[in-house]
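Comments concern the structure below.
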Amino acid sequence: MDPQIIEWLNLNVKWIHLIVGIAWIGASFYFNWLEGNLERNKPELNKGVAGDLWAVHGGGFYHVEKFENAPDKLPDILHWFKWEAYLTWITGFAMMVLVFYLAPNMYLLDASVSNLSPTVAILISVSTMLFGWLIYDQLCKTKLSENGMLFFWIIFLGLTLLAYVLTQLFSAKAAYIHVGAVIGTIMVANVFFGIIPSQKKMVAAMQKGEIPDPMVGKRGFQRSLHNNYFTLPVLFIMISGHYPLTFGSEYSWLVLAAIALIGVFVRHYFNLKNRGQKKVWMLPVAALLMATLAYLTLPKTDDNSVQVSEVSFEMIAPVIEQRCATCHSVTPSDPAFKVAPKGLALDSQQDLEKSADSVFAQTVTTHAMPIGNLTKMTDEERVLLANWYQTYKNQTK
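So the sequence shown is numbered by my numbering: it starts at 2 and just counts up by one.
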């Protein structure tokens, strides 16, 4: 398929993914906030109402009630929240196909990490999403799920192990996205197989004139709560591809686990806040943990690196031409690109100097580029680039 067509497809699918993802997670945040802020046990509540809430927004007043189990009679119009979730997964999987499956050697695999064939890599990719959900779902059906803290640590450690394994098979960037894909699959499957069927059973019971089983609703709420805690980690993974300091670090899987844990911690703060428990110390602690993580992942100077007192552009020009400009050029020679990725062309000394900080970060600090190291940039060439960068910075002080 023509690279420009793929690029346009990717743009549109990613845009839709972002729109429906915001709608889904926004609804999740709202209903969890609503659950925590309901005013309960008020004498003026109508019969069968567990709590209510008054709000003002957009120039209007709103009054929301939640029933202990179900109303005596269903309204003619009942709003459901499901397609936001389904479309988020569908568009997310479409992006997996467009980015990773159509060009596995470029984006999914890294020759310096493993020698998997594209077919095997794609099978592993799909299998992780499928079996990730199946394992989680079976765990939810055991008594382990009744102990919230124990269940959390089992899932967290399981996903951390998955992150480690995937970084040994795929490129680090792809490994991050696949952990997110597993979490996203679990979240959507919770909606499709857990939350919506529970709601349908409650509605069916009402239509038959029966009282819905409260346990059905509780099981659906448990899956919804799990999804609530998944949201911040999966949102980080969605944007992680823009920040190679995370996936490009030596212990990228640990960085992912740490940021995910901080995200869960922050989400827990808001859940407690919604229940009236203001643990104000939690947000500064989360900020301190992020700052500590940033410090620990700062690139360390290797005293054993080959030191060059001064490196001119002429010395690194062949490296740029052979390792970078096959893609990053006004006229890329790589058939996968019709234009330079992100508009970054490195055809001249001026081009390189203008983007020196970015090139240094991507090739030396994190080794995120060349992508998948398809052009086989060596460690010695990265050292040469580092010394050129230092020479250039010294000259422009």
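Every residue, glycine too, gets a C-beta built ideally from N, C-alpha and C.
Check	Outcome
So, is Tyr137 buried or exposed, given that buried needs 16 or more other C-beta atoms within 10 angstroms?	buried
Is there contact here, the region 77 to 96 with the region 194 to 210, by at least three beta-carbon pairs under 8 angstroms?	yes
Can you confirm whether the region 223 to 242 touches the region 254 to 265 when touching is taken to mean that 3 or more C-beta pairs between the two stretches lie within less than 8 angstroms?	yes
Go ahead and label Asp352 buried or exposed: buried means 16 or more other beta carbons lie within 10 angstroms of its beta carbon, across all protein chains shown.	buried
Which whole-angstrom value describes the C-beta separation of Trp40 and Leu54, a residue pair presumed to lie in contact below a C-beta threshold of 8 angstroms?	A quick correction: the sequence has Glu, not Trp, at residue 40. Going by Cβ atoms, the distance from Glu40 to Leu54 rounds to 6 angstroms, so yes, they are a contact pair.
Looking only at its chain, what residues have a beta carbon closer than 6 angstroms to the beta carbon of Asn191, apart from the 5 residues adjacent to it on each side?	Arg224, Asn228
Could you say if the region 125 to 134 and the region 179 to 186 meet the contact criterion of at least three C-beta pairs nearer than 8 angstroms?	yes
Quick test of the definition: if touching needs 3 or more C-beta pairs under 8 angstroms, does the region 159 to 178 touch the region 106 to 122?	yes
For the candidate residues Ala24, Ile240, Thr120, whose alpha-carbon lies nearest to that of Ala86?	Ala24
Along the chain, which unbroken stretches of the beta strand (DSSP E) at least 3 residues long are found entirely within the region 58 to 91?	61 to 68
May I have the straight-line CA-CA distance separating Ala288 from Leu75, to the nearest angstrom?	46 angstroms
Which residues share a DSSP beta bridge with Trp55?	His64
Specify the secondary structure class of Arg276 as computed by DSSP and reduced to three states.	coil
Counting along the chain, where does the alpha helix (DSSP H) carrying Ala173 start and finish?	173 to 190
If you compare alpha carbons, which of Ile26, Phe30, Lys15 is closest to Asn275?	Phe30
Could you check where the alpha helix (DSSP H) with Arg324 kicks off and where it finishes?	Neither: Arg324 is in no alpha helix (DSSP H) and is coded neither H nor E.
Over the uninterrupted alpha helix (DSSP H) stretch that includes Ile155, give me the two end residues.	149 to 168
Given a cut-off of 8 angstroms, decide if Asn11 and Met97 are closer than it, judged by their beta-carbon atoms.	no
With burial defined as no fewer than 16 other Cβ atoms inside 10 Å of the residue's Cβ, what is the status of Met370: buried or exposed?	buried
My assumption, with CB atoms under 8 angstroms, is that Leu162 sits in contact with Ile155. Please give the rounded CB distance.	Not a contact, Cβ separation roughly 11 angstroms.
Can you tell which of Gln139, Leu226, Ile20 has its C-alpha closest to the C-alpha of Ile196?	Leu226
What does Val50 pair with, by DSSP beta-bridge criteria?	Phe68
So who's on the other strand from Arg41, going by DSSP bridges?	Gly52
Check this for me: beta carbons of Ala341 and His329, under 8 angstroms apart or not?	yes
What first and last residue would you give for the alpha helix (DSSP H) that runs through Gln200?	197 to 208
Any heavy atom of the ligand ATP inside 7 angstroms of the beta-carbon of Leu262?	Looking for the ligand ATP in the displayed structure turns up nothing, as the structure carries no ligands at all.
Looking only at its own chain, which residues have a Cβ that is under 8 angstroms from the Cβ of Ile212, when we skip the five neighbours before and after it?	Asn70, Ala71, Ala206
Under 8 angstroms between the Cβ atoms of Gln208 and Gly221?	no
Return the chain-ordered list of same chain residues with a C-beta closer than 8 angstroms to the C-beta of Arg383, the five sequence neighbours on each side being excluded.	Thr364, Val365, His368
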